Each structure stands twice: as C-alpha cells, then as structure tokens.
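Colleague: Our numbering applies: residue 24 is where the sequence shown begins, and numbers increase by one.
Beta carbons are placed, not taken as given, at the ideal position from N, Cα and C, and that holds for glycine.
Being a predicted model, the structure only gives us computed values, none of them experimental.
Have a look at this one.
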Amino acid sequence: MDTRRTFRATHLLTAMALGFSCASAATRAETEAPLTQAGEKLLTRYAAMLTALRAEIAKALPVVDEQRKSAYLKAREAERAAQALVNAAQQSLHKVQQAAALVDHAKGKWIGGAEKGIAAAEAALKKATTEAEREAARKELAKCQADKDAGLKALKERQEALDRAKAAEPKLKQDLKAAQETLAKAQAHTLKAASELNLEPFLASDRLDAQLVKCVVLVQATPRGLAEFAQQGTEQEALVERLLGDSGLTKQMVAADGARGGKYGRAMEIYTAIQKASPRAGEGLFQRLALAISLEHAVPIAQSNPKAQADAPATVDPVKRYLHYEKAFLDGELDPAFKDLSVWEYRNVVNGDEPDWTLAWGRQMLRNYRPDHIHTPDYRWRYVEAVRTEVAYGSQDVKNDLPTLQNYQNIIMNGGVCGRRAFFGRFILRSFGIPTIARPQPGHASLAHWTPAGWVICLGAGWGAGWTAYGKDLDFLETTQARKVERAYLQVQRAQWVGDALGEKRAYGFHSSDVSGFWNSVALYLQRAIIEKAQAVALAAVGTDIGEANESKEKETVNAATIAEADRQIVVGRDGTITIPAVACSKPTNSTARIRFMRSYLGGMQLHYCRLGAPETFEYTFEAPAGGRYALSARVVTTSAGQHLLVAANDAKEPTDIPVPFTVGMWDKTPPVEVSLVKGRNVLRFSRNEPVKGLTIKDFTLTPAK
24 MDTRRTFRAT
34 HLLTAMALGF
44 SCASAATRAE
54 TEAPLTQAGE
64 KLLTRYAAML
74 TALRAEIAKA
84 LPVVDEQRKS
94 AYLKAREAER
104 AAQALVNAAQ
114 QSLHKVQQAA
124 ALVDHAKGKW
134 IGGAEKGIAA
144 AEAALKKATT
154 EAEREAARKE
164 LAKCQADKDA
174 GLKALKERQE
184 ALDRAKAAEP
194 KLKQDLKAAQ
204 ETLAKAQAHT
214 LKAASELNLE
224 PFLASDRLDA
234 QLVKCVVLVQ
244 ATPRGLAEFA
254 QQGTEQEALV
264 ERLLGDSGLT
274 KQMVAADGAR
284 GGKYGRAMEI
294 YTAIQKASPR
304 AGEGLFQRLA
314 LAISLEHAVP
324 IAQSNPKAQA
334 DAPATVDPVK
344 RYLHYEKAFL
354 DGELDPAFKD
364 LSVWEYRNVV
374 NGDEPDWTLA
384 WGRQMLRNYR
394 PDHIHTPDYR
404 WRYVEAVRTE
414 VAYGSQDVKN
424 DLPTLQNYQN
434 IIMNGGVCGR
444 RAFFGRFILR
454 SFGIPTIARP
464 QPGHASLAHW
474 TPAGWVICLG
484 AGWGAGWTAY
494 GKDLDFLETT
504 QARKVERAYL
514 QVQRAQWVGD
524 ALGEKRAYGF
534 HSSDVSGFWN
544 SVALYLQRAI
554 IEKAQAVALA
564 AVGTDIGEAN
574 ESKEKETVNA
584 ATIAEADRQI
594 VVGRDGTITI
604 PAVACSKPTN
614 STARIRFMRS
624 YLGGMQLHYC
634 RLGAPETFEY
644 TFEAPAGGRY
654 ALSARVVTTS
664 AGQHLLVAAN
674 DAKEPTDIPV
684 PFTVGMWDKT
694 PPVEVSLVKG
704 RNVLRFSRNE
714 PVKGLTIKDF
724 TLTPAK
C-alpha cells in the first residue's frame, strides 16, 4: 500500500469536506457566523460524514477503460477545436450585421435626427419675434446642420465598410457552413465515444443514490453551513438530522437543483412549517409545491411593496406564499397545467417579489379586463400578451407612478421600456402559475416561459442571444428539453452528483464555459443524447419586434366572436331603465382591430376598446319607451388613469364627455352623464380622443331622470 498516496488522498478529502477553496474561502469568512462549542462538534461530525461518503462513492465508481477514456478525451478536444472554428466564423459573419446596423444608425438616428432638428430650428426661426429668439434658432440650425454633415460623412465611410463586408459575405457563409459541418461530425464522434465508456449501467442504477444525494447536500450546504444552522438549537439540529436521514426527500431536493444558496437547514425549516400549516402539503402536487417554495425561499426574497406601505413585510413569507397558491389552485384560478408541474418548474413560479395580494390582483385584473388573454389556446402568448396589448413602450409616463400602487400595478398603468415590460410579463405568468425566468441579452431585457411544447422566449431575440441564471440561454434550454424525459434525465443528474462528490465544478452546458470535469462532461453528453433521441425542437421567439417598440409590424389576425342573441338583448325595466350590453353594437357587429368582443367572467360578454389601432366609433341602436332626459353610466374596467369616453345621442351636435374612473383592474361604474332620447328609435354613438389606453365595458345603463 502506498501510504504517501493514501495520506494525500485523505487530506484532500478532508479539505473538500470542510468546504474550503482558494476562490471562496475569503468570501465565506466574511459571512460565517461564529461557531459555539456545540457547533464545532457538529462541524467535525458533518465534515467526517462528507469525507466518509466521498471515499465510499469513489470506491463504488465503475472502472473506466483507459483506452476508451483516452479516445473520449481526444474526441472532446477535437470538438472544442471545431467549436472554436464555428465561433470564429460566426464572429466574422456578425461583422456584416454590425456594419449594416451602423449604416442604419447613420441614416436613421444620426441624419434623420439632425433633419428633424433642422426642420424644428427653421420653424422656430420663422416664428421668432425677437433678435434673441432668432439668434438661438440660428445657432440650433447651425448645430443641426453640422450634425447632419458629420452624419453624411460617417454614412459614406460606413457604407463603404458595409460594401466591403458584403463582398466578403458569400465566402464567410461558406466558411461558417463548412465549420458547422465539421462540428456536427465532431459532436457525433464525441457522443459515440461517450457511449462507449459503458457508464450507462452504473448511471441507470439507483443503488448509490442515497449516498450521492446526501453527499451533494453536504457539498452544497458545506459542513460549516449546516453546523451554523444546527447549533441554533435542538429543533434545528433535528431538522438537519432529518434531512440527512431522509434519502427520498433529499433526492427530491437535489434533483430540483437544491436549496438556494445551499441553505438546506432553512429549507427544511420552511418545509416543516408548511407541512404544519396545511394538511394537503404532504402529497401530490401540493407536496411538490411546498418543496419548491422551501428550496427557493431558503434565501429570503425581498418583497416589492407600494412605497406608501412603509410597515409592509420586507420579505416574502414562504408559508403564506404556499397557502396563497394552494387556495388559488383549489379555487380554479390557476392555469390547468399547474397541477402537473415538477418541483423544479414550480420554483420558477413561486419566486416572485410581489406580495401575495398582488398575485391575486393580477389574476382578478386579467379576468375582468382581458379575459381573452386567459383563454387563448396559444400558450406562447397566454397571459403574457397583456404586455403587448396593455403595457406601453416608453419611459415618459413612469414619473406618474403612484406610491399607493404596487410596482406591477404602476407598470400596466404607465408602461416602461424593456425592463419594466419584461418584469410585468413574468409577474402575470407567475400569477396564473406558469414557470418563467429572466432572459436578458446585450442591452435588452426579455423573458422566457414554460409552454407544453417547451420553453419560449418572449419580447427578445431567439435562443442563443442571451443568458439566464444557468449561464448561456442555450444551456438552460437544453436542460429544460432533457428534463422533460424525467427517467433518462436522472442519469444526467447522477453523473453530476458524482462530479460534485469528486470536487468537480458543476457545469450546466457546453455553451457557458469550458467543461473541465470528466463526470460533468459525461453528464452533458448524456443530456445531448436524450435531446437528440427526443427530437426536441427549440421554439422560435415571439414578440421580438415589440421588445423595444409599442406596436408590432406583424399583421394580427382578428378572430370573430360567437355572440348569442341573449348576449345582445337590450332590456327595459319596469321603471323605464334601459340596460344595453356592450356587445349589442349596431356598429361594429363583431370584433375589429380596435374593438374586441369577448366572453366575460361576469357571464355573457363584454367589449374591450384596445390601446392600439386606428380610431373607431361604436354605436347602439335601440328603442326607448319614452322620450326625455336619461342618466347614462357604464360598467367599466381600466388599468390606467385619465381615461375618457365620448357619447353623442342621435343628432347631438357635440358629444358629451364621460370621465372614466381609474378602477385599477376592478369593475366600477362611470359617473352618470345626461343624454336626451326620443321615444322609439335612438342611436348612441361612442368615440374616444387619441391617444388612449385600454378600456373594458360590460354594459350601459340609461336611467330616466326624475
């Protein structure tokens, strides 16, 4: 026996068990809580436990044939080289796009902006009445003219550069195609070499799972981290003991990517509290939901409260968050797919910064205001289409945010640029129980969310243009694709768990960084094989053209609504009160680009006047039992302040203004305005002065004036 080798291995395992590394020791030292005497004993115990587990796992690993391992490693190197050629070819081709963008910038923002400035300065010069005004206008005109001249010079240079790049483009495309073909062959060769390592029998077996998942918890939590938690008292120590002794629960945890920040003790504390708070939290979807919240909230999530609520909780209460979603599900308020989500998917639902009451508001608001976004069969746009239709692009109104409103209520009211719109999109998806993540890209914020067909990017460029918490977004995409094949994906995770036990750096994909660990690389090739076998397809991004624009250039299809005669029926009460359903229009008689008819959660149907589109009037033709003055009011929903509706009865020369209340997404009535009707046939004509925000109407009531 080589005692020196054994000594080195023992010391390495001990150092790894203590959780020390050159890169992170200093950071942890700043945040570590001092250990009590009991804590020191616990640290020693947990460290010894980790050392023993690592030794046991290392001993149980299959022996890999050295020749096959060498062939695999050579194939990996060849693939890396091929990938580098593809990257270089893509970068060269990207220079053509950059050159085109510079030309567009010179033509548009630079020269176009200067020309607008020249026109404005010339107009100011004509209107000037004093010498000072004329001088200021002449200076501005000279400045804008100089700016235009500089733009024209830059345009000439940029156009020449673009022409040169365009001339080289055909060859660059050929080079890229050749590099991609070489890479595809290299990837296939590496995949074959990985399969010939003959690790599948080991990775397909759950024989070592109990040791692996326990080891992963000790690695991620660190013995010291567990000791810090357990030293707080007998209850906390018991929770750690339960964690380390329940391999089934531990496996669920690490399979869902573990406790945030490695805070497994706190996760167990939350999980236990949820179990006590709800008898339903012990099995099925509610158990998965409880575990997801416990893992995700192990590190407290700061709560985004209205600024006026100074005494509101600073962080989200995880037990209340669980109870909120449990009740919402039982009340039938969440998406039908919610019941079948995994623990990992639930984590991307329950991690919002909004208070629970704001989640409830989001659901109620959309049910009242745009129920069509709830019922659309297109999962890519379900719920989140509210961003496209309701959240204006631009920051000019952000100054009007109200301190009494929560952030997401302010966003739908006042709009915002890409960040606020993506934030609202993720919020409304979480409100209905749909998993979603942030997916930023250079200079822009967008989101990605779950659909039954796979994850889709919304309001941004497609897969490959950005990143997530996992690194490059393509790595996240591949993880989601492989996770759909749950049984096979366990083999990927077992390889990662072995890598954790051996001290490898965890890798989630080949796109983010070089994968150095043997077992982590094996895991990713297994993942690639799963994806290829499943023939997974990446969904194209949606809403790319409105990521930084107010209105889409894509032509929207307006679907005709099915309106029953009962939904159009105008009712006259015994007291002469006339109730007109909003969809009982004589013009238009069905949905248009601006006016939409849709099913209502109040029963029957309702009308929505859209924020975008060409202005349009809508009319109602009806019989009045008696002529005279009537008080007209409407049952409405708004999400923005300062709304108005104009009404003209019959041949009135001027319309009457109806101030529409800011209802914050709830149903309310407009204050009554007086209109004059004649006995028999009448026409009410409604219009709006642009620009407008969205307005939903259920019905109109005409009450005879007394």
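Should residue 652 go down as buried or exposed, given a rule of 16 or more other Cβ atoms within 10 Å for buried?
Modeller: exposed
Colleague: What is the rounded straight-line gap between the Cα of residue 662 and the Cα of residue 436?
Modeller: Approximately 6 Å, taken between the alpha carbons.
Colleague: Output yes or no for whether 9 Å exceeds the beta carbon distance between residue 331 and residue 203.
Modeller: Cβ atoms of residue 331 and residue 203: not closer than 9 Å.
Colleague: For residue 195, name the three-state secondary structure that DSSP assigns.
Modeller: Residue 195 falls in the helix class under three-state DSSP.
Colleague: Here's the rule I'm using: 16 or more other beta-carbon atoms within 10 Å means buried, otherwise exposed. How should residue 489 be labelled?
Modeller: With 16 or more other CB atoms across the displayed protein chains lying within 10 angstroms of its CB, residue 489 is buried.
Colleague: Mind pulling the alpha helix (DSSP H) runs of 4 or more residues that sit fully within the region 112-173?
Modeller: DSSP runs (the alpha helix (DSSP H)) wholly in the region 112-173: 136-150.
Colleague: Determine the burial state of residue 573: buried for a count of at least 16 other Cβ atoms within 10 Å of its Cβ, exposed for fewer.
Modeller: exposed
Colleague: Can residue 250 and residue 63 be called in contact, C-beta distance under 9 Å?
Modeller: yes
Colleague: Have a look at residue 46 and residue 716 and give me their C-alpha separation to the nearest angstrom.
Modeller: Bear in mind that a pLDDT of 35 at residue 46, under 50, signals an unreliable position, so the model cannot answer this.
Colleague: Residue 366 and residue 314: beta carbons closer than 9 Å?
Modeller: yes
Colleague: On the CB-based measure, 16 or more other CB atoms within 10 Å of its CB, does residue 597 come out buried or exposed?
Modeller: exposed
Colleague: So, at 6 Å on beta carbons, what are the nonlocal neighbours of residue 487 in its own chain, with the 5 sequence-adjacent residues on each side left out?
Modeller: 497
Colleague: Three or more C-beta pairs closer than 8 Å, one from the region 290-299 and one from the region 335-352: is that the case here?
Modeller: yes
Colleague: With a 10 Å radius around its C-beta and 16 neighbouring C-beta atoms as the bar for buried, classify residue 224 as buried or exposed.
Modeller: exposed
Colleague: Nearest CA to the CA of residue 440: which residue from 571, 110, 537, 673?
Modeller: 571
Colleague: Within the continuous alpha helix (DSSP H) that includes residue 633, where are the two ends?
Modeller: Residue 633 -> no alpha helix (DSSP H), and no H or E assigned at all.
Colleague: Grab the span of the beta strand (DSSP E) containing residue 622 for me, first residue to last.
Modeller: 618-622
Colleague: What does the Cβ neighbour count give for residue 433, buried or exposed, with the cut at 16 atoms within 10 Å?
Modeller: buried
Colleague: Closest Cβ-Cβ distance between residue 73 and chain B: below 9 Å?
Modeller: Annotation note: the requested chain B is absent from the structure, which comprises a single protein chain.
Colleague: Are the CB atoms of residue 547 and residue 530 within a distance shorter than 9 Å?
Modeller: yes
Colleague: With DSSP run on the structure shown, which of helix, strand or coil describes residue 490?
Modeller: strand
Colleague: Alpha carbon to alpha carbon, how far is residue 619 from residue 169?
Modeller: 49 Å
Colleague: For the structure I just gave you, are there three or more beta carbon pairs, one from the region 605-625 and one from the region 551-567, closer than 8 Å?
Modeller: no
Colleague: Please confirm whether residue 70 and residue 205 have their CB atoms less than 9 Å apart.
Modeller: no
Colleague: Are the region 632-652 and the region 388-407 touching, with three or more C-beta to C-beta distances below 8 Å?
Modeller: Judged by pairs of C-beta atoms under 8 Å, the region 632-652 does not touch the region 388-407, as fewer than three such pairs exist.
Colleague: According to DSSP, is residue 727 part of a helix, a strand, or is it coil?
Modeller: strand
Colleague: Return the Cβ separation of residue 483 and residue 351 in integer angstroms, given the expectation that the two are a contact with Cβ distance under 8 Å.
Modeller: That belief does not hold up - the Cβ atoms of residue 483 and residue 351 are roughly 28 Å apart, past 8 Å.
Colleague: Relative to the C-alpha of residue 724, which candidate in 627, 92, 601 has its C-alpha closest?
Modeller: 601
Colleague: Would residue 253 pass as a contact of residue 276 if the rule is Cβ separation under 9 Å?
Modeller: no
Colleague: Alpha carbon to alpha carbon, what distance is there between residue 303 and residue 309?
Modeller: The alpha-carbon atoms of residue 309 and residue 303 are separated by roughly 6 Å.
Colleague: Which residues bound the alpha helix (DSSP H) around residue 410?
Modeller: 408-413
Colleague: According to DSSP, is residue 59 helix, strand or coil?
Modeller: coil
Colleague: Over the uninterrupted alpha helix (DSSP H) stretch that includes residue 396, give me the two end residues.
Modeller: For residue 396, the enclosing alpha helix (DSSP H) covers residues 395-398.
Colleague: Within the same chain, show all residues whose beta-carbon is closer than 7 Å to that of residue 28, passing over the 5 residues directly before and after it, in chain order.
Modeller: Here residue 28 scores only 34 on pLDDT, less than 50, and its place in the model is too uncertain to base an answer on.
Colleague: From residue 51 to residue 81, what does the alpha carbon distance come to, in whole angstroms?
Modeller: Low confidence applies to residue 51: its pLDDT is 46, below 50, so where it sits in the model is not reliable enough to give any reading.
Colleague: Using beta-carbon positions only, say whether residue 675 and residue 710 come within less than 9 Å of one another.
Modeller: no
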